[in-house]
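Residue numbers (my numbering): 32 to 416.
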């Protein structure tokens, strides 16, 4: 099956407002600690010179509680979902958890009435959820932790929290997860322009297709949030403060106009086109026997019969097999990392060597996947010319 983006669909996308933000929202004292405007301004100024360069291709206003369902992340990369939709004890209303793509492991936080948060992990064995296991490491000054998300590497963990050191409301943080120690390393504020004086939350990342989403109540009326879609870069870069006057840099740090983050309108159109193709394929098929494959900016295949030659069809089938092998190897690696915590000193030494081998195999498999995809794309593009 071929998914092709029409000129009409592209024209409609271009004609949409480049910035879906509207009215400034007021955050109540209940939603965050009382922080003076002067202190907020000082924190903002302190972060300004390290404002990350983002390529924000789209923004959509939704209900604040609808942000999770507005993010089109593939289910096999995991999902952020309400705790009470998974567990029926109804004990944690408003709490979100991250469920991995296999549906057998989740992370979430519990907060007391003072906002002190403790992070937990639960695993499903033999079809039953085990008791929660507390994971240590996050600082006590991070209050009301919520909206967790684990990147596909199994180590990079994003979440939102309220802190006196933050800009205001919820800020997005990132921490590294040490599976051997079952704890987190020091969390870092994600900075500008991800964070603002209002609530910034629900960070999710598709690091295979290169997209990031996060939600924010900045410049929104009560009960609304803006979901930003970002085409991620391979390497983080910051804006060079010397290239902008203060007003321009502050506007970029606040995402005042997402059009200002585009290098060219054509690059934005291409990114939107790719995103639209991925969405279409994800909607059309949820089967593990298919894999969406982007041939170019206008064309995506999602089954073997769409390819133009026997050689390409065989490469596609090889790609499917490699994807399945990657999933199986990752599951094994995750299991070994969990097992490491239960071993004694001698057992840990032997298991670390085994894990290192699995990690090397996983890296080689990723390279093989990339090379196979490049061969397949080159073969199809050659036949199109």
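Even glycine gets a Cβ: it sits at the ideal position worked out from N, Cα and C.
Our two residues, residue 249 and residue 222, have alpha carbons roughly 15 Å apart in a direct line. Across the set 200, 185, 380, the C-alpha of 200 shows the shortest separation from the C-alpha of residue 192. Residue 197 is classed as buried because its beta carbon has at least 16 other beta carbons within 10 Å across all chains shown. Residue state for residue 128 is assigned as strand, using DSSP reduced to three classes. Partner residues in a beta bridge of residue 186, as assigned by DSSP, do not exist.
For residue 91, the enclosing beta strand (DSSP E) covers residues 87-94.
For residue 116, the enclosing alpha helix (DSSP H) begins and ends at 114-117. Taking residue 246 as reference, the option from 153, 255, 133, 233 with the minimal CA-CA separation is 233. A contact is defined here as three or more CB-CB pairs under 8 Å, and the stretch 171-178 meets this definition with respect to the stretch 139-158. If you draw a straight line from the Cα of residue 379 to the Cα of residue 386, it is about 10 Å long. For residue 235, DSSP records a beta bridge to 244. Put simply, the stretch 254-271 touches the stretch 87-104. At least three CB pairs are less than 8 Å apart.
Where residue 99 is concerned, the enclosing alpha helix (DSSP H) starts and stops at 98-101. In this structure, the straight-line span from the alpha carbon of residue 166 to that of residue 403 is close to 38 Å. Across the structure, residue 261 and residue 299 are spaced so that their CA atoms are roughly 10 Å apart. Counting other Cβ atoms within 10 Å of its Cβ, residue 156 stays below 16 and is therefore classed as exposed. Contact annotation, residue 104 with residue 211: C-beta distance approximately 28 Å; criterion of less than 8 Å not satisfied. When DSSP states are grouped into helix, strand and coil, residue 206 belongs to the strand group.
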